Amino acid sequence: MITLLHLSLLLIAPILFLGIINRVKALWAGRRGAPLLQAAFEIGKLLRKGEVISKTTSFVFRLSPSLQIAAVIFAALLMPLPGRPALLYFPGDFVLFAYALGLAKFMLVAAAMDTGSSFEGMGASREMTFSTIVEPAFFLLLGSLALITGQTSFTAIFALLNYSAGYSVLVKALCSISLFIMLLVEGCRVPVDDPNTHLELTMIHEVMILDYSGPDLAFILYASSLKMVLIATLLANVLIPVSAGVAGGLLLFAGMLTLTAIGVGLVESLIARVRMTHVTQFIFLMTALAVTTFSAVIFFLSGGF
Amino acid sequence: MKLLLIGTVLFFSGGILELFIPRKQSGFVSAAAAALAQFFILPPVFQALTDGSTMSVSLDFSLPIGTAFLRLDPLAAFFCLIISIGGLLASIYSLGYMKMYRDRPYSLSSYYFFLGLLFTAMLLVTVVQNLLLFMIVWEIMSLASYFLVIFEHDKEEVRRAGLYYLIAMQIGAAFLLTAFAWAATLTGSLDFTALAGVLSMPGSASTIIFLLFFAGFGFKAGFLPLHTWLPLAHPAAPTSVSAVMSGVMIKTGIYGILRIILLGGIPHASLAYVIFGIALLTGIFGVMNAIVQHDLKKLLAYHSIENIGIIGIGIGLGMLGMVYRQEGVALCGLLGGLLHVFNHFSFKSLLFYGAGVVYAKTHTREIDKLGGLIHSLPITATLFLVGSLAISGMPLFSGFISEFAIYTGLVRSLAPGGAILNIAVGCGLAGLAFIGVMAVLCFTKVFSICFLGLPRVPHQEKLSEGSALLLAPMVALGILIVCIGLVPLLVLPLLKNVVAQFVPGIVATEWEQMMSLFRRLSLAMAVLAGLIIFFLVLRRLLLTGKPVRIFKTWGCGYQVESSRMSYTASSFAAPFVHLVAPFVPREREVMPPQGLFPQEARYKRHYADFIAYYMIDPLSSLLSRFLGLFTWMQTGRTQQYILYGLVFLVMLLVWIMLMPS
Chain A
7 MITLLHLSLL LIAPILFLGI INRVKALWAG RRGAPLLQAA FEIGKLLRKG
57 EVISKTTSFV FRLSPSLQIA AVIFAALLMP LPGRPALLYF PGDFVLFAYA
107 LGLAKFMLVA AAMDTGSSFE GMGASREMTF STIVEPAFFL LLGSLALITG
157 QTSFTAIFAL LNYSAGYSVL VKALCSISLF IMLLVEGCRV PVDDPNTHLE
207 LTMIHEVMIL DYSGPDLAFI LYASSLKMVL IATLLANVLI PVSAGVAGGL
257 LLFAGMLTLT AIGVGLVESL IARVRMTHVT QFIFLMTALA VTTFSAVIFF
307 LSGGF
Chain B
5 MKLLLIGTVL FFSGGILELF IPRKQSGFVS AAAAALAQFF ILPPVFQALT
55 DGSTMSVSLD FSLPIGTAFL RLDPLAAFFC LIISIGGLLA SIYSLGYMKM
105 YRDRPYSLSS YYFFLGLLFT AMLLVTVVQN LLLFMIVWEI MSLASYFLVI
155 FEHDKEEVRR AGLYYLIAMQ IGAAFLLTAF AWAATLTGSL DFTALAGVLS
205 MPGSASTIIF LLFFAGFGFK AGFLPLHTWL PLAHPAAPTS VSAVMSGVMI
255 KTGIYGILRI ILLGGIPHAS LAYVIFGIAL LTGIFGVMNA IVQHDLKKLL
305 AYHSIENIGI IGIGIGLGML GMVYRQEGVA LCGLLGGLLH VFNHFSFKSL
355 LFYGAGVVYA KTHTREIDKL GGLIHSLPIT ATLFLVGSLA ISGMPLFSGF
405 ISEFAIYTGL VRSLAPGGAI LNIAVGCGLA GLAFIGVMAV LCFTKVFSIC
455 FLGLPRVPHQ EKLSEGSALL LAPMVALGIL IVCIGLVPLL VLPLLKNVVA
505 QFVPGIVATE WEQMMSLFRR LSLAMAVLAG LIIFFLVLRR LLLTGKPVRI
555 FKTWGCGYQV ESSRMSYTAS SFAAPFVHLV APFVPREREV MPPQGLFPQE
605 ARYKRHYADF IAYYMIDPLS SLLSRFLGLF TWMQTGRTQQ YILYGLVFLV
655 MLLVWIMLMP S
């Protein structure tokens, strides 16, 4: 029962997550905004439609969206919730988590290149370049958490993430800021990318899916939103104490997701998009934070202070 | 053991017989011999791997060598397995691939002869345990591969690359010879078992000998900064040879390093750190350079360097585990490293074979001139995609399993207190992730530029899929890759006894734990595969009865679509190259348009190898300038050379007479 709740919470969250972000942006701009479930309506509409497929493409283009959504949902199975173990867990599962998301990205990029469009090539090339900076930082962050707790799976790490030691507050703060930056990069939000942009030349994620329509587009929309939710869940796992219990943990988790979505919406309303050539500098912020986190952990564990 | 030797002889005799066979029928005998050899080689190999036994024979030679032992232990058997299967696949693939040389003035019989000789020498390298005999078969291996590299010997650049390769191998051999000679003078024995004593001696001599070995074998494997021959030799050789060199031959360097570690017992901590660090740099450097390359085979050569780095990270981690008595870590590291040796053999051979089909059909290795091949070569493209996903370490494919084992080992070795180890492991984690994601960048680039999109240069003829002889080895490798990716337990038990040689204590509990971890990983892979199938079926169901229109790619309203507008490999890599610009020296050749009616303008750019550009090339030009000082001695007059000999003899005589006896 609780397993079902766990899964459905993770699977419904992407719809609301998008809804909250857009509502926050609308309210900030002085509009009423679309209903919170707008994404569900859109996905439902797309699922009922047919498709237009480019004649340049091959089977890669047609396989890709199904593979992407499968890989991201699979990654969701590896994700624990505060107070709840993941549905699938074993030592080193976070490696599989990162690589499953990597598989989704590989397929997304390959499909974009399959259309032969130079715009989609630009998006693909940018997406991959940014990933090369994010990924090492992500592993360093998880390495820090593994080092603090002495555990090697998501579930065990978050179950043991110690609250008593004074330095853990610092580590958690650094971790959550880097994870939030990762959320903005991987979710293709401002200041890295603008989901509402209307010029193909400046797009990153949106341009890669220009040629998709119908169910395939629905799969991609859902998968990319679920990916954001998964990173937000990581953030919640870092911040919500184990002592909250199962029910409290889930409540806090729902609150935390809402807060994160509001945060993304606020960032999008308040900050302008960074110039394309400067995006990498923004992402290097995450690398710097991750290196700091890891060094801090080593410093404290080897008896500093 | 005798069976193994018969198999080895079969490889050799297949090569010999090819010398007497007319051009048109060439290749069949050596393929048959290679197939027959499997029946002799695989039984003893599997026996050694499954029950962990060591078989040996002794051969009595006359004086300089003396009695030489040939031993087949699990470590040797593991590499024999790769060499033997690699030999069979290469022989079959060559049958199809060398057809395009039939009407050209190259000697096919010598090709098959040297191919057979190469496999014979490689098999012997793994079992020979006598210093002198080992050097002899090692050199035969290098020479046979040299002759294969210069197969298209009428081309200037092929000869240059071959010479570069030969010189690099000879320098490597010089390191090995020094180490062997030093060890032999210390013990007075030529057998490998005597090396164990030398390598575990206290003091700095054992460390220096170890490093000499590492350098010697590192040349073959392609560790930084000894890798510079790889990106030159691989593109020069015929693709079937590149596949063998990259997939199989450079692994003999890894074998040598593992053999030395095995003989030396628990290593010195600093050596473990050195190997771990060099391997990490090798991995990052290899893939970074691969990204900027646009010659398909050169790019794959740099990926070999990357994967040697990953294997080295596993080995280094295994050594660290041995040093710090963490059996679990040593197990993960060695298991990951060894499995990656096998995986790299399978996916890199597959990728090179795929590149060979592309080259045979389009006659170009420039990826910017390819494109859209998936429509004319669908099977090759699919298999190349499988290889690309595997080399990028994507789940469901074999590359992930070995990288996962190394990651697990890295994370397990994190422990409070050991600050230096933790820093090293942190670098390892971030570095391995960096290597992995760069590999994804590189292979999305290669695969999509070569096979997807529109053809960038229109092909004159209609392309057709490669022949069955070309595709059969690729299909076999593709199946192997997917099987290992889904059910790693198919091959992992074979590695148990190899790892047990290094960490004798692990056998019972740790190994079982590890296997249950891989069982769960296998379950997770099944879930992922199930999800993928579910969504594919769902998509099909959703689209039944709906209109699916085939139309143009969205071009922002432009009506004329041109392949010249589509993205190229250079543009795909450009943002990343911009980030790493200081590490990839750029060479440009610009000829701007001139005059009122410009006739010709050119712009050419290529990226050089950082190490070759800043280290090897200046050093070698310095060396040749220094040696240039002695050119006056070489006059070309025989009389003068005889005089030199006489002077030398007289000096020797004087020295002996003056020496107090």
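Residue numbers (our numbering), protein chains in the order written: chain A, 7 to 311; chain B, 5 to 665.
Note that CB positions come from ideal geometry on N, CA and C, so glycine has one too.
Small disclaimer: the values here were computed from a predicted structure and weren't measured.
- The Cβ neighbour count for G649 of chain B, taken over all protein chains shown within 10 Å, is under 16; the residue is labelled exposed.
- Beta-bridge analysis with DSSP links I69 of chain B to no other residue.
- With the rule of 3 Cβ pairs closer than 8 Å, the stretch 547–554 of chain B counts as touching the stretch 42–56 of chain A.
- With respect to chain A, the C-beta atom of I427 of chain B has a partner C-beta closer than 8 Å.
- Interface annotation, M134 of chain A: in contact with chain B, CB-CB separation under 8 Å.
- With its beta carbon at least 8 Å from every one in chain A, V333 of chain B lies outside the interface.
- For A434 of chain B, the chain A residues whose C-beta falls within less than 7 Å of its own C-beta are P142, F145, L146, listed in chain order.
- Under the DSSP assignment, F555 of chain B falls in the beta strand (DSSP E) whose first and last residues are 552–555.
- Exposure of T189 of chain B is indicated by the presence of fewer than 16 other C-beta atoms within 10 angstroms of its C-beta.
- Secondary structure at E593 of chain B: strand, using DSSP grouped into helix, strand and coil.
- Taking 8 Å as the cut-off, the beta carbon of S628 of chain B is found no closer than this to the beta carbon of L481 of chain B.
- The bridge partners DSSP lists for N134 of chain B are B:D195.
- Here the C-alpha atom of V291 of chain B lies approximately 17 Å from the C-alpha atom of F112 of chain A.
- With a cut-off of 8 Å on Cβ pairs, the stretch 112–131 of chain B is not in contact with the stretch 191–207 of chain B, counting fewer than three such pairs.
- Between the stretch 97–106 of chain A and the stretch 244–254 of chain A, the count of C-beta pairs closer than 8 Å stays below three; the two stretches do not touch.
- M569 of chain B reaches chain A at S124, counting residues in chain order whose Cβ is nearer than 8 Å.
- DSSP places L63 of chain B inside the beta strand (DSSP E), whose first and last residues are 59–64.
- Beta-bridge pairing by DSSP links R75 of chain B to B:S60.
- The beta carbon of W515 of chain B does not come within 8 Å of any beta carbon belonging to chain A, so the residue lies off that interface.
- Scanning its chain for C-beta atoms nearer than 7 Å, with the 5 sequence neighbours on each side dropped, one finds around I163 of chain A the residues L151, A152, T155, Q157, in chain order.
- Between V177 of chain A and A302 of chain A, the C-beta spacing is below 8 Å.
- Counting other Cβ atoms within 10 Å of its Cβ, C560 of chain B stays below 16 and is therefore classed as exposed.
- Here DSSP, grouped into helix, strand and coil, assigns R54 of chain A to coil.
- Contact between the stretch 75–92 of chain B and the stretch 284–292 of chain A is not established, with fewer than three Cβ pairs separated by less than 8 Å.
- Contact between the stretch 240–255 of chain B and the stretch 179–197 of chain B is absent: fewer than three C-beta pairs spanning the two stretches fall below 8 Å.
- S34 of chain B carries a helical assignment under DSSP once its states are collapsed to helix, strand and coil.
- At the C-beta level, T58 of chain B and M145 of chain B stay beyond 8 Å of one another.
- Residue pairing by DSSP leaves Y150 of chain B without any beta bridge partner.
- With contact defined as three or more Cβ pairs closer than 8 Å, the stretch 447–461 of chain B and the stretch 572–583 of chain B are in contact.
- At a C-beta separation below 9 Å, K550 of chain B has these neighbours in chain A: R54, K55, G56, E57, G220, P221.
- For I226 of chain A, the closest C-alpha among the options A:N202, A:S72, A:D200 is that of A:S72.
- Here the alpha carbons of N501 of chain B and L199 of chain B stand approximately 22 Å from one another.
- Assignment of Y173 of chain A by DSSP, reduced to helix, strand and coil, places it in the helix class.
- Three or more Cβ pairs drawn from the stretch 186–200 of chain A and the stretch 227–235 of chain A lie within less than 8 Å of each other, which places the two stretches in contact.
- Non-local C-beta neighbours of F100 of chain A in its own chain, meaning closer than 6 Å and more than five positions away in sequence, comprise L148, F160, ordered along the chain.
- None of the residues of the stretch 174–203 of chain A has a beta carbon lying less than 7 Å from any beta carbon of chain B.
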